[in-house]
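Numbering (the numbering used here), first residue to last: 591 to 1124.
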Amino acid sequence: MRINFYIISSVSLLITLGLAIFLNSNWYVLFAIILGLTILGYYDVFQTRHTIMRNYPVLGRLRYLLEDLRPKMYQYFIESDIDGRPFNRVDRSTVYQRAKGVRDTIPFGTQLDLYAEGYEWICHSIAPRPFASLDHDPRFLIGNKACKHPYSASILNIAAMSFGAISANAVEALNAGAKIGNFAHNTGEGGLSDYHLKHGGDLIWQIGTAYFGCRDEEGKFNPELFSEKAKHPNVKMIELKISQGAKPGHGGILPAEKNSEEIARIRHITPHTRVNSPPYHSAFDTPLEMVHFIQKLRDLSGGKPVGFKLCIGYKSEFISICQAMIDLDIYPDYIAVDGGEGGTGAAPPEFSNYVGAPLIDGLDFVHNILNGLDIRKHIKLIASGKITSAFHVARAIALGADGCYQARAMKMALGCIQALLCNTNRCPTGITTQDPRLTIGLVPEDKKIRVANYHEKTIKNFVELLGATGLDEAKNLTRSHIYRRVSLNAMITYEELFPSIKPGAMLNGEIPEKYKSDFANANKTRWGIHPIAI
591 MRINFYIISS VSLLITLGLA IFLNSNWYVL FAIILGLTIL GYYDVFQTRH
641 TIMRNYPVLG RLRYLLEDLR PKMYQYFIES DIDGRPFNRV DRSTVYQRAK
691 GVRDTIPFGT QLDLYAEGYE WICHSIAPRP FASLDHDPRF LIGNKACKHP
741 YSASILNIAA MSFGAISANA VEALNAGAKI GNFAHNTGEG GLSDYHLKHG
791 GDLIWQIGTA YFGCRDEEGK FNPELFSEKA KHPNVKMIEL KISQGAKPGH
841 GGILPAEKNS EEIARIRHIT PHTRVNSPPY HSAFDTPLEM VHFIQKLRDL
891 SGGKPVGFKL CIGYKSEFIS ICQAMIDLDI YPDYIAVDGG EGGTGAAPPE
941 FSNYVGAPLI DGLDFVHNIL NGLDIRKHIK LIASGKITSA FHVARAIALG
991 ADGCYQARAM KMALGCIQAL LCNTNRCPTG ITTQDPRLTI GLVPEDKKIR
1041 VANYHEKTIK NFVELLGATG LDEAKNLTRS HIYRRVSLNA MITYEELFPS
1091 IKPGAMLNGE IPEKYKSDFA NANKTRWGIH PIAI
């Protein structure tokens, strides 16, 4: 192909040059274009990084162009309404419609295959509750006996997304929307920025392994700095991030191109450098120390609710934390369970695809262990992981959650088009970028209304679902209300699929067979798996 390139480019240059000299000077335009392509082709021949370009000068570049266009063409012209990933068009359209306040009904029946394995649905009653008689703003109170300032939370809140991972305009729009809708906005581990505080929305300040916003020069936890910021009136709760579903055990990544002077100031780091959050906490080394640290955060914050977020990995480690709670009689006010299907701007594919328990499995396990050890009464549960609809909220609450987080759905309410460019700083909607040429397109005054609209409509549909089941309170949803098809002619309830544990049962030695090895490996003085020698 290179020989053909040499011949064609040389002949084309000679012919167009001759036409320009002897026929008409307008041919110089074509000559210049061919000259430019020829120079580009010779560059391709002599460069050594890309084999395709080296073997197919100029034409080889089409591969990279088509590769860049492929996700867009696939999304708009090839995929059906129900097979898009990670979110299909039906789910995305529902978020967009509710955010924009336009018609969100569907015509002519469902497009889902109701007889496919894995299809799920919720039971309805012959005697449903009228919508007008129900609580249109279902909430739950977070705060146990050690908490001085309990927080009344909506059952649906904004999940952790840091300033830095998302733009200042996106943070503003989310927080202003939370203020309008009276729900909470999780800051993510990137620190407490001016944009989080500007509009007065309720905040959950997340503290990650790098202790951004409350760290010393060495990156260690700074109690004085934490206490000062935690007592801000907008900060309603504190969340200790142990792991996240998209990349559990990996730590966060802030690319150098996103690490501006402003972000560096907020996080107390060096600007314009790639910053990796450690995969582990330096403030504690054992389950016992972790529980003590939770109490320390509660004391330093003046008694505000403190919880922790994790994706379930070794089940024995979570059991170890629970045993430490019981021994110390110290309990977090809530636990946020993140599923392995959670999203992030940047994660290695091995971590995003193959590490961490999915939400349903993790939530079932956490609720069962807390119940079995009779400590669920002290702790509220928040579920997070690919929740976009009222049914997803109902399913999570039926499994044991008190409320839910949403991240990607809230980004879609802002205008995210699932361009899958979150890790490039080239997000076309100005959400996951720090490029001012792109962020200017996101107008907080407009998008805040969409965030509030989406939250309001989703809550409304949840309440309608609740009424359809014949219930009047979210806490009465149980695993028996949700069905899953397991084959063409068999369906079972979530109660059959994920059997509940009676409160205190595990204290009496009634440990299900599937958890016995996890209890055997649990040790509140250490992390990891340490099998007992036989």
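Beta carbons: idealized from backbone N, C-alpha and C, even for Gly. All values reported here derive from a predicted model rather than from experimental measurement.
Pair within 7 Å by beta-carbon distance, residue i and residue j
{"i": "T1022", "j": "I797", "result": "no"}
{"i": "I877", "j": "I911", "result": "A small fix is needed here, since residue 877 is Pro in this sequence, not Ile. Contact flag set, yes."}
{"i": "A991", "j": "L971", "result": "yes"}
{"i": "F582", "j": "E1054", "result": "With the chain covering 591 to 1124 only, the question about residue 582 has no answer from this structure."}
{"i": "P895", "j": "I732", "result": "yes"}
{"i": "A936", "j": "N866", "result": "no"}
{"i": "D694", "j": "R688", "result": "yes"}
{"i": "I624", "j": "T606", "result": "yes"}
{"i": "H871", "j": "T799", "result": "yes"}
{"i": "Y921", "j": "N1113", "result": "no"}
{"i": "I856", "j": "G781", "result": "yes"}
{"i": "G791", "j": "N765", "result": "yes"}
{"i": "P838", "j": "V945", "result": "yes"}
{"i": "V927", "j": "G952", "result": "yes"}
{"i": "I586", "j": "N1111", "result": "The shown model of the chain, from 591 to 1124, leaves out residue 586, and the question about it has no answer."}
CB-CB length for residue i against residue j, believed under 8 Å
{"i": "H1071", "j": "I748", "result": "Contact doesn't hold; Cβ gap of about 26 Å is too wide."}
{"i": "L1004", "j": "L1032", "result": "7 Å"}
{"i": "E931", "j": "G835", "result": "7 Å"}
{"i": "T1048", "j": "L746", "result": "6 Å"}
{"i": "I925", "j": "G897", "result": "6 Å"}
{"i": "K1038", "j": "G767", "result": "4 Å"}
{"i": "Y785", "j": "A758", "result": "5 Å"}
{"i": "N958", "j": "I794", "result": "That pair is no contact at about 25 Å."}
{"i": "L830", "j": "L887", "result": "7 Å"}
Close Cβ partners of residue i (< 7 Å) along its chain, the five nearest in sequence each way excluded
{"i": "N1015", "result": "P845, E847, K848, T1023, Q1024 and D1025"}
{"i": "N610", "result": "A small correction: the amino acid at residue 610 is Ala; Asn does not occupy that position in the sequence shown. Once the five neighbours on either side are set aside, the close Cβ partners of A610 are W617, Y618 and F621."}
{"i": "A854", "result": "T860 and P861"}
{"i": "N594", "result": "none"}
{"i": "A1064", "result": "P728, I745, I987 and L1056"}
{"i": "I770", "result": "K1038 and A1042"}
{"i": "D964", "result": "P1093, G1094 and L1097"}
6 Å CB neighbourhood of residue i in its chain, flanking five on each side removed
{"i": "S891", "result": "A820 and I828"}
{"i": "F883", "result": "A873 and F874"}
{"i": "G650", "result": "I642 and M643"}
{"i": "N1066", "result": "none"}
{"i": "L787", "result": "N824"}
{"i": "P1018", "result": "A1009"}
{"i": "H739", "result": "G893 and K894"}
Cβ neighbours of residue i in the same chain (closer than 8 Å, five flanking residues each side left out)
{"i": "K662", "result": "A1009"}
{"i": "R998", "result": "P676, F677, G933, K976, T978 and C1006"}
{"i": "I597", "result": "none"}
{"i": "N645", "result": "M591 and R592"}
{"i": "A947", "result": "C901, I902, G903, G929, G930 and F955"}
{"i": "L603", "result": "F621, I624, L625 and T628"}
First through last residue of the beta strand (DSSP E) which encompasses residue i
{"i": "S670", "result": "Careful: S670 lies outside any beta strand (DSSP E) and carries neither H nor E."}
{"i": "A926", "result": "Y924 to D928"}
{"i": "K970", "result": "K970 to S974"}
{"i": "L731", "result": "R729 to I732"}
{"i": "E851", "result": "That residue, E851, is in no beta strand (DSSP E); its alpha helix (DSSP H) goes E851 to R857."}
{"i": "K826", "result": "V825 to K831"}
{"i": "M1081", "result": "A1080 to T1083"}
{"i": "S744", "result": "Y741 to S744"}
Buried versus exposed, by CB contacts within 10 Å (16 or more), residue i
{"i": "N1043", "result": "buried"}
{"i": "E1046", "result": "buried"}
{"i": "E907", "result": "buried"}
{"i": "T1115", "result": "exposed"}
{"i": "F1052", "result": "buried"}
{"i": "P869", "result": "exposed"}
{"i": "P728", "result": "buried"}
{"i": "N614", "result": "exposed"}
{"i": "F612", "result": "exposed"}
{"i": "E536", "result": "With the chain running from 591 to 1124 in the structure shown, residue 536 is simply not present."}
{"i": "I1124", "result": "A caution first: I1124 carries a pLDDT of 41, below 50, which makes its placement in the model unreliable, though a value can still be read off. It counts as exposed."}
{"i": "S1077", "result": "exposed"}
{"i": "G1099", "result": "exposed"}
{"i": "T638", "result": "exposed"}
Element boundaries [alpha helix (DSSP H), containing residue i]
{"i": "G771", "result": "A758 to G771"}
{"i": "R998", "result": "R998 to L1004"}
{"i": "T1023", "result": "Taken as a continuous stretch (DSSP letters only), T1023 belongs to no alpha helix (DSSP H), as it is neither H nor E."}
{"i": "L656", "result": "R651 to M663"}
{"i": "R679", "result": "R679 to K690"}
{"i": "R1074", "result": "No alpha helix (DSSP H) contains R1074, which is instead part of the beta strand (DSSP E) from I1072 to S1077."}
{"i": "S910", "result": "K905 to L918"}
{"i": "A984", "result": "A980 to L989"}
Residue-chain proximity (residue i, chain D), Cβ-Cβ < 7 Å
{"i": "K848", "result": "No chain D appears in this structure, which consists of one protein chain only."}
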